[in-house]
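Heads up, the thing below is written out as structure tokens.
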Amino acid sequence: MAESLLDFSKELDVALLDQVVMTFFTGSGNDQQMAQQLLTQFQDHEEAWTRADAILEKSTVPQTKFIALQIMDKFIQTRWNTLQPDGRDAIRNFIVNVIVKVSSDEATLRKERTYINKLNMVLVQILKQDWPRKWPSFIPEIVASSKSNLTLCENNMAILKLLSEEIFDYSAEQMTQLKTSNLRQSICNEFSEIFKLCKEILEKATKPSLIKATLDTLLRFLSWIPIGYIFETDLLSLLEKFFESQDYRNPTLRCLTEIGSLTVDSNDHNQKIINLFTRVMSAVYIMIPPNTDIAAVYEDSSDADQEFVQNLALFLTSFLASHLKILEQAPDNESKEALLNAHFYLIKISRVEDREIFKICLEYWAKLVQELFEEGFVPQGYQASSWNQEAVQQRHMIYSQVLSSLRVVMIERMVKPEEVLIVENDEGEIVREFVKESDTIVLYKSMKEVLVYLTNLGVVDTEEIMTLKLQRQMDGTEWSWQNLNQLCWAIGSISGAMTEEIEKRFLVNVIRDLLSLCEMKRGKDNKAVVASNIMYTVGQYPRFLKAHWKFLKTVIYKLFEFMHESHEGVQDMACDTFIKISRECKRHFVARRSGEERPFIIDIIEGITRITSDLSPQQIHTFYEAVGYMILAETDKTKQEQLIRMFMQMPNSAWDQIMDSCKQSTDVLNNASQVKVLSHVLKTNVSACTSIGPGFISQLGRIYPDLLTLYRAVGVIVSQSVTEQGAVAVKTPKVRGLRSIKKDILRLIDTFIERAKDLAFVDEHMVSPFLYAVLSDYKDSVDIARDAEVLDALATMVKKLGPLMTPRIPLVFEATFEPTLNMITKDFSEFPENRTGFYNLLRAINFKCFPALLELSPDQFKLFIDSIVWGFKHTMRDIADVSLATCEELLLNIRQTDAAIAGAFYQSYYLNILQDIFFVLTDRDHKSGFKGQTEVLAQLFNLVTSNQIKVPLFDPSQMSDPTMSNAQFLEQYVSALLQNAFPHLQSNQIKVFVMALMEYNTTPPKFKLEVRDFLIQLKEFAGENSELYLEEKEAQMEEKRRQEREKALLIPGMVKPSELPAMEEDEAL
């Protein structure tokens, strides 16, 4: 019965459709699934739009009406221009009539607000297609209808607001450049009528909802209307009147914020800006008296009052950011007083316990302190003029009290600089994972910048405030874990901002007081908090530690003491601080100091067993990596080898013991505790290798044969377990432990090769035994037991050794290629690590060992190409990006190879690759790959337009004109391809696009713009298109980061000590 809904030759039974919709929304089980399937088929039918009018007129179910509007929305965006003018006019008039009908009645407008909003959106979609060319009377019509009915007028405001948003806020990713430009020009040309309507409402209306709707609409206009509408009419006085009313102050303040952020360039307008600011501030004094503790009253305030505090923060920050200099130079005292008061209000608002409000304030504080610092900053080698210094000092005096209060706020609101999470990995091991880009870390970076500028602007005041706050921790008046944490995080954040002399005095006092505090406090929790803060603080000041060897030694001994502290987090913090200090001060540990018998590192190595006795395996690995950095600093190779031998004595002893047992019987590998010891020893080696680098060759050489023997032995046991128990064996604790050993061996070899410098040694002594031990095991394992780390290690070998690996590539291919391909071609998601490793390996082989690919059999080479295509069809962005890059590099390699080989390649694969690139380019699930897709497409077109392809891409016997060129053929082929895929496009649109591809393939920016415009016209790209702009956004962000980094390096203390460029003393390492 319900299937009759899909028979579009009959009249629609709306009541039946309502029943199906209600079954979908309220039913369950099979009935609900059937309803969903039916509704999906109904919506996807190309004639579904013809049912919209009947549904909107007769349906009694809101959800059914929404389905009709969704169908209309999609139709208008994708197929509107396929209708005849009469058909378009009929639909347009129908939608307008429905809107007028439902929005003319007050009760209906309130009751069906969501439905009316969707109707409005459909109308705006029609406007984007038809206005102004096919509907020139729209603006006069909407203005005239607004004067006939107040409720209708309120909804018309909503329509105008939507239209403004679509044209000015969301147009870049929804419409072509030309259409956007035309619409913007049209609305600007006709704005006077809209403005008159808004002004008339604000002057005469008394209906609160209409006034609010008009203020909300006006807000959308203010960013783009000609500035005369604001400053040369009485709009400002109208807004000020509404600001004083509690009912309208929030929407009005948002409008004033938009006006406050505008750039003005005439003196007359400047004076109006000053007057506006002082009058708003006068009103604020009455609403929130200056002595109000805003943070205290905020918690218990109403939603509207809390919104007002946020809006006030936005108003003050945007106004001051745009017009600070104008307000500072105002001749009257009232304006200067308003300026200072505005800053003190912002200080009070910055104390409110609401992170979003704090971020608003922080953005302005960052701008202010940066500006104050930069105008007084004199680069080394330059001399400041006395006039400039005097002007700068006068300006700094204006804000001295504000900046002092701001220092206190920044210290008291300081957030945690680093987050450590303990997680379980796939092997069931507890490991450390760092979350680097959480909201808190980003906030910390911004707060650190502000504090560094504040310290540079007033180092004495900063020191006094921090010292006073530390004293209050000592005497207990401000003691709390949170207060101490925030103070120490703030102290750590300004490392490098003070001169060395002041830093020394300040830090000695800080550490002395913190150590005293640690002794004073009772209870493990209290001591743990103080201890972690001592460690964090000293870890941030390597410059001080480098200059004070005895103090550095004392700190290290204190860290070793903390490594025995059982309170959660203290040992982690001690290991973190130890590795941070060892990286920064590594040379000082291997140097022999006067008055000392031997370098300090020997004491550390000899005491390793005692120092690490209470640490967990993960913490021991961190400790070994830390000591490895010290060994790296030893430049005498003989001494370095001796240190490594002493350093690795404990893990080597355990290793030798287990290896001796293994040689007698592999039963030792069935012992879970012995397997754990082995895994721990291997991870310790990985940690040491990570930091020691090329010098680790002496240690790796000692254990390398045993490593590969162990790998083979473990592989045999895993295979036997899988044979006996099936695939479920891989999930058992025994096999998980054994696989962990295999992965650790692979990571160790990968880590060393990545850092190796003696490539001849690696090539002669390491690669062949590795391939012998690993490849057959990988090939013969069941899918679920294949280690992705094999592919990672092979990719590293290929990248590092380059052409030296070329003769071995057939062997690598045979063992890894088809087995991995069979794992990952069943779907796009299973075995993600193997997927990533596989595509990284393919790219490395193509880039470094391309001749090996040409030696493959035709079937194998076809499989290689198919793999790349399968890769860029992934929706996982990392794999798609690697595959597109591989495809582009392959085309470059083919271009430079022998002409006969290149010709055969083009004839076999060119059109297939082109077709597949168009497939992902026009598919909505692959939008994130736009950059790589267009680069490959440009190269494919360039090969033809630059006449690089000397063989015909077509079969001349099948062509009406066998003498045609490749360029002519390509033009015809692509046009036919696109016309078949997108029949709703006009042939002229496709012709213009293909000509652009032929013309601009050597100009990447223009080429991408043309492709973007074409994609926006396609029905698949109706909706969110932001990812088409991903490349530009990422490039802008990268450039911004580079500029910020260069700038930060000039400012004392702005870059963390651990992130500073290597000093000359470290360059040789």
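Just so we're aligned: 270 in UniProt numbering is position 270 of the sequence shown, and the numbers increase by one with no gaps anywhere.
We treat Cβ as the ideally placed atom computed from N, Cα and C, and that holds for glycine.
Residue i versus residue j - alpha carbon distance
i, j, result
"residue 268", "residue 127", "38 angstroms"
"residue 1028", "residue 923", "Low local confidence applies: a pLDDT of 44 at residue 1028 is under 50, so the model's placement there is unreliable, with the coordinate-based value given in what follows. Straight-line Cα distance between these residues: approximately 12 angstroms."
"residue 693", "residue 775", "26 angstroms"
"residue 1024", "residue 1015", "Bear in mind that a pLDDT of 39 at residue 1024, under 50, signals an unreliable position, so the number given afterwards is only what the model happens to contain. Whole-angstrom Cα-Cα distance: 12 angstroms."
"residue 805", "residue 787", "21 angstroms"
"residue 366", "residue 444", "12 angstroms"
"residue 259", "residue 351", "26 angstroms"
"residue 545", "residue 511", "12 angstroms"
"residue 166", "residue 149", "26 angstroms"
"residue 284", "residue 233", "24 angstroms"
"residue 854", "residue 1018", "39 angstroms"
"residue 1002", "residue 781", "47 angstroms"
"residue 915", "residue 867", "15 angstroms"
"residue 15", "residue 2", "11 angstroms"
"residue 215", "residue 289", "26 angstroms"
"residue 1090", "residue 164", "This structure cannot settle anything about residue 1090, because the visible part of the chain is limited to 1 through 1069."
"residue 654", "residue 758", "28 angstroms"
"residue 180", "residue 988", "21 angstroms"
"residue 110", "residue 358", "35 angstroms"
"residue 624", "residue 441", "27 angstroms"
"residue 862", "residue 1049", "51 angstroms"
"residue 756", "residue 797", "10 angstroms"
"residue 50", "residue 300", "54 angstroms"
"residue 762", "residue 952", "46 angstroms"
"residue 501", "residue 472", "25 angstroms"
"residue 188", "residue 213", "21 angstroms"
"residue 681", "residue 744", "9 angstroms"
Other residues of its chain near residue i: CB distance less than 7 angstroms, five sequence neighbours each side excluded
i, result
"residue 584", "542, 1057, 1058"
"residue 533", "484, 485, 488, 514"
"residue 735", "718, 721, 729"
"residue 152", "100, 103, 104, 145, 146"
"residue 990", "975, 978, 979"
"residue 71", "43, 48, 49, 52"
Cβ-Cβ distance between residue i and residue j below 8 angstroms
i, j, result
"residue 243", "residue 280", "yes"
"residue 320", "residue 274", "no"
"residue 577", "residue 621", "no"
"residue 1070", "residue 841", "Outside the shown range of the chain, which is 1 to 1069, sits residue 1070, and nothing can be said about it."
"residue 309", "residue 294", "yes"
"residue 154", "residue 238", "no"
"residue 940", "residue 901", "no"
"residue 633", "residue 586", "yes"
"residue 658", "residue 647", "no"
"residue 12", "residue 45", "no"
"residue 737", "residue 675", "yes"
Beta-carbon proximity list for residue i, same chain, < 8 angstroms, skipping 5 on both sides
i, result
"residue 317", "346, 360, 361, 363, 364"
"residue 230", "222, 236, 259, 262"
"residue 598", "592"
"residue 120", "99, 155, 158, 159, 162"
Residues near residue i in its chain [Cβ-Cβ closer than 6 angstroms; skip 5 each side]
i, result
"residue 994", "971, 974, 975"
"residue 79", "984"
Checklist entry - Is it a yes or a no for the stretch 476-488 touching the stretch 453-464, going by three-plus beta-carbon pairs under 8 angstroms? => result The stretch 476-488 is not in contact with the stretch 453-464.
Checklist entry - Mind pulling the alpha helix (DSSP H) runs of 4 or more residues that sit fully within the stretch 752-825? => result Within the stretch 752-825, the complete alpha helix (DSSP H) runs of at least 4 residues are 767-780, 788-801, 809-824.
Item to check | Every unbroken beta strand (DSSP E) inside the stretch 135-178 [3 residues or more] | outcome: As far as the stretch 135-178 is concerned, it has no whole beta strand (DSSP E) run of at least 3 residues.
Checklist entry - Three or more C-beta pairs closer than 8 angstroms, one from the stretch 789-796 and one from the stretch 821-830: is that the case here? => result Flag = no, the stretch 789-796 and the stretch 821-830 do not touch.
Checklist entry - Which full runs of the alpha helix (DSSP H) of 4+ residues lie inside the stretch 600-625, going along the chain? => result Listed in chain order, the complete alpha helix (DSSP H) runs (minimum 4 residues) inside the stretch 600-625 are 600-606, 608-611.
Checklist entry - Is the stretch 665-673 touching the stretch 710-730, taking contact as three or more C-beta pairs under 8 angstroms? => result The stretch 665-673 vs the stretch 710-730: in contact.
Checklist entry - Fully enclosed by the stretch 862-933, which alpha helix (DSSP H) runs are 4 residues long or longer? => result If we require 4 residues or more, the alpha helix (DSSP H) runs fully inside the stretch 862-933 come out as 877-895, 899-905, 911-921.
Next on the checklist: Counting beta carbon pairs with one atom in the stretch 807-819 and one in the stretch 745-752, are three or more of them shorter than 8 angstroms?
Outcome noted: No, the stretch 745-752 does not touch the stretch 807-819.
Checklist entry - Which ranges would you report for the alpha helix (DSSP H) in the stretch 972-1011 if only whole runs of at least 4 residues count? => result Within the stretch 972-1011, the complete alpha helix (DSSP H) runs of at least 4 residues are 987-999.
Next on the checklist: Could you check whether the stretch 5-23 touches the stretch 57-73, counting it as contact only if at least three pairs of C-beta atoms, one from each stretch, sit closer than 8 angstroms?
Outcome noted: With a cut-off of 8 angstroms on Cβ pairs, the stretch 5-23 is in contact with the stretch 57-73, counting three or more such pairs.
Checklist entry - Does the stretch 555-562 touch the stretch 523-540, meaning 3 or more C-beta pairs lie closer than 8 angstroms? => result Contact between the stretch 523-540 and the stretch 555-562 is present, because at least three Cβ pairs lie under 8 angstroms.
Item to check | Contained alpha helix (DSSP H) runs [length at least 4] in the stretch 229-266, N- to C-terminal order | outcome: Runs of alpha helix (DSSP H) with 4 or more residues, each lying fully within the stretch 229-266, are found at 235-243, 249-260, listed in chain order.
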